[in-house]
Amino acid sequence: MDALRLQFQFSGKLLQSSSKRCSSSSKQSVCRLGAVELEDCALKVAQFDGGKPVEESLTAPSSWYWSSSLASLEMECIFGRGWHAAGYVEQLENPRQFFTGSLGRVRYVVCRDEQGQLHAFHNVCRHHAAPVASGSGCTPSFSCPYHGWTYGLDGNLLKATRITGIKNFNPRENGLVPIQVAAWGPFVLINLDAQANQELVAVEWLGSSSDLLVAAGIDRSLRHVARRDYVIDCNWKVYCDNYLDGGYHVPFAHPGLAKGLDLASYKTVLYETVSIQSCRSKNTGEERLGERATYAFVYPNFMINRYGPWMDTNLVLPIAPNKCQVVFDYYLEPQFCQDKEFIASSLEESDQVQREDVTLCQSVQQGLESLSYDAGRYAPKVEEAMHHFHCRLHNDLLLGIKRAKIPSGM
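Heads up, the sequence shown is in the UniProt record's numbering, so the first residue is 1 and it goes up one at a time.
Next comes the structure, spelled out in structure tokens:
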């Protein structure tokens, strides 16, 4: 199976966004698995019992971390539905700014038009399917590099070259195909469901945790200062599991970080689509950590970490069943943005923690692929967020299999 690609040009208060449709040809996500692959997925999903409490449950089976058929199903029913982080608002502060990325098999472009309206589109020319934009920047329009078809920032077709003699062609029906887009706090979100309600993005993305996250200082006052990414030889869920173990691994794997945290104060609170871990800092006077750290996991693959004057986000992107990319974006309170030495030292400390996690995750992946391991157990007092994550995955995978087995049109 070809390597699965899920790459984001991750860029990031609910902003008004356009729901205008330039075309009626938008397609719903269609499962591309055959009957044999679907049956294989069904058997693997059934190996986990999502109805058992964490005290009695086995962990997700090892096959979830190396199966190519399950990875393909995830592209449809995990990443092809719901709201997903796609960028940050600061990238679209001004009219004409844009960024591009991919979500599952969908290439997209997000922009702000001359009137300040936010738009997102499939990054596919309506002529012969080439992308109309790349990277990020500022532009008055999108011009396909293949044959020069040009589109406005509202998605409307402005120019179709050399089509003299064409019949039954309506330019108004051949604009870029729109994607639902909205923003919450500093983050830009997209949803591939054409019927998604942008006004409900906070509820659907964050559930009842949104007010708590606002209170933790996750807002648009923070300024983006750096990005780093790590390619890791592990399934994307291994990285998520590592994040969701309630600080279990911190004293063993992160001795430097452990010195600054009061791990006895570590607690986890579960919400519908979010789990929030928090921990007080020790009174070490370390400005980077501040008094308290808050770690929010937003299902399925986005992490928001707020500590001291910092916020960093981690976006976990599947590349293959045993490979992922983690994109880190770092934000800082404005009064610290000119302190280059503080920024450099903070990023160095963060990088040390991430490299320790890379080593852990890659070694765990090797163990998951061994013949001796099928499933483990949860430590109930600290790994409830991991169990919560696995139960949500289990539910969505079951729904994905059920939808795939229903004949089209029923």
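From the three backbone atoms N, C-alpha and C, an ideal C-beta is built for every residue, glycine too. These numbers come from a predicted model, not from an experiment.
Under 7 angstroms between C-beta atoms of residue i and residue j
{"i": "serine 62", "j": "aspartate 396", "result": "no"}
{"i": "alanine 130", "j": "cysteine 144", "result": "yes"}
{"i": "asparagine 156", "j": "glycine 175", "result": "yes"}
{"i": "proline 321", "j": "alanine 71", "result": "yes"}
{"i": "leucine 200", "j": "valine 274", "result": "no"}
{"i": "leucine 317", "j": "glutamine 325", "result": "yes"}
{"i": "glycine 376", "j": "threonine 59", "result": "yes"}
{"i": "proline 178", "j": "phenylalanine 142", "result": "no"}
{"i": "glutamine 365", "j": "valine 238", "result": "yes"}
{"i": "serine 210", "j": "alanine 202", "result": "yes"}
{"i": "glutamate 356", "j": "alanine 293", "result": "no"}
{"i": "tyrosine 65", "j": "leucine 368", "result": "yes"}
Per-residue DSSP class, three states only, for residue i
{"i": "valine 238", "result": "helix"}
{"i": "arginine 162", "result": "coil"}
{"i": "arginine 126", "result": "coil"}
{"i": "lysine 340", "result": "helix"}
{"i": "leucine 315", "result": "strand"}
{"i": "glutamine 16", "result": "Because glutamine 16 carries a pLDDT of 43, less than 50, the predicted location of this residue cannot be relied on, and no value is offered for it."}
{"i": "histidine 224", "result": "strand"}
{"i": "histidine 147", "result": "coil"}
{"i": "serine 23", "result": "With a pLDDT of 44 at serine 23, under the threshold of 50, the modelled position of that residue is not reliable, and no figure is offered here."}
{"i": "glutamate 56", "result": "coil"}
{"i": "lysine 44", "result": "helix"}
{"i": "leucine 371", "result": "coil"}
{"i": "histidine 390", "result": "helix"}
{"i": "alanine 379", "result": "coil"}
{"i": "arginine 32", "result": "coil"}
{"i": "glutamine 97", "result": "strand"}
{"i": "residue 449", "result": "Outside the modelled stretch of the chain, which goes from 1 to 410, sits residue 449, for which no answer is possible."}
{"i": "serine 69", "result": "helix"}
{"i": "phenylalanine 252", "result": "helix"}
{"i": "glycine 207", "result": "helix"}
{"i": "leucine 212", "result": "helix"}
{"i": "glycine 400", "result": "helix"}
{"i": "leucine 244", "result": "coil"}
{"i": "serine 134", "result": "coil"}
{"i": "leucine 153", "result": "coil"}
{"i": "aspartate 49", "result": "coil"}
{"i": "lysine 167", "result": "coil"}
Paired residues, beta bridge with residue i - DSSP
{"i": "serine 345", "result": "The partner list for serine 345 (beta bridge, DSSP) is empty, contrary to what the question assumes."}
{"i": "alanine 120", "result": "Val110"}
{"i": "serine 275", "result": "Leu270, Phe297"}
{"i": "proline 178", "result": "Phe121"}
{"i": "isoleucine 218", "result": "DSSP output for isoleucine 218 lists no bridge partner at all."}
{"i": "serine 102", "result": "Arg107"}
{"i": "tryptophan 83", "result": "Asn191"}
{"i": "arginine 306", "result": "Thr294, Met311"}
{"i": "cysteine 324", "result": "Ile232, Pro318"}
{"i": "alanine 264", "result": "For alanine 264, which the question treats as bridged, DSSP gives no partner whatsoever."}
{"i": "tryptophan 184", "result": "Phe187"}
{"i": "tyrosine 88", "result": "Phe187"}
{"i": "arginine 172", "result": "Paired residues: none, contrary to the question."}
{"i": "arginine 280", "result": "Asp262, Arg292"}
{"i": "serine 62", "result": "Per DSSP, none; premise fails for serine 62."}
{"i": "serine 363", "result": "DSSP, once it has assigned bridges, lists no residue as partnering serine 363."}
{"i": "serine 141", "result": "Gly152"}
Selected residue, minimal CA-CA separation from residue i, among the options
{"i": "arginine 280", "options": "Ser72, Glu291, Phe252", "result": "Glu291"}
{"i": "leucine 399", "options": "Gly80, Trp66, Lys52, Ser68", "result": "Gly80"}
{"i": "serine 136", "options": "Asn170, Leu103, Leu92", "result": "Leu92"}
{"i": "glycine 185", "options": "Phe98, Ile304, Lys167, Pro334", "result": "Ile304"}
{"i": "glutamine 198", "options": "Leu371, Ser141, Trp83, Arg355", "result": "Trp83"}
{"i": "glutamate 272", "options": "Phe187, Ala296, Val316", "result": "Ala296"}
{"i": "glycine 104", "options": "Pro95, Asp154, Leu73", "result": "Leu73"}
{"i": "glycine 101", "options": "Gln115, Ala86, Asn94", "result": "Ala86"}
{"i": "residue 411", "options": "His390, Ile401, Ala404, Lys402", "result": "For the chain, the structure presents residues 1 to 410; residue 411 sits outside this window and is missing."}
{"i": "asparagine 170", "options": "Tyr239, Leu158, Leu58", "result": "Leu158"}
{"i": "glycine 50", "options": "Lys402, Lys405, Gly260, Arg392", "result": "Arg392"}
{"i": "threonine 313", "options": "Leu222, Val36, Ser57, Phe252", "result": "Leu222"}
{"i": "tyrosine 151", "options": "Val124, Ile163, Asn168", "result": "Val124"}
{"i": "serine 69", "options": "Glu39, Leu263, Pro309", "result": "Glu39"}
{"i": "glutamine 362", "options": "Asn235, Gln180, Thr164, Pro255", "result": "Asn235"}
{"i": "cysteine 240", "options": "Lys340, Arg403, Leu360, Pro95", "result": "Leu360"}
{"i": "aspartate 339", "options": "Arg403, Asp193, Pro309", "result": "Pro309"}
{"i": "alanine 194", "options": "Gln180, Val188, Glu204", "result": "Gln180"}
{"i": "serine 278", "options": "Tyr248, Val106, Leu33", "result": "Tyr248"}
{"i": "arginine 107", "options": "Val132, His127, Glu114", "result": "Val132"}
{"i": "leucine 261", "options": "Ile276, Tyr307, Phe302, Asp219", "result": "Tyr307"}
Proximity test, Cβ basis, 7 angstroms: residue i and chain D
{"i": "tyrosine 239", "result": "The chain labelled as chain D is not found in the depicted structure, where only one protein chain is given."}
Near the ligand GTP: residue i beta-carbon under 6 angstroms from a heavy atom
{"i": "valine 327", "result": "Ligands are entirely absent from the displayed structure, and the ligand GTP is therefore not among its contents."}
Query raised in the report: Between the segment 343–358 and the segment 212–231, do at least 3 Cβ pairs fall closer than 8 angstroms?
Result: yes
Query raised in the report: Touching or not, the segment 240–249 and the segment 375–390, by the rule of three or more beta carbon pairs under 8 angstroms?
Result: yes
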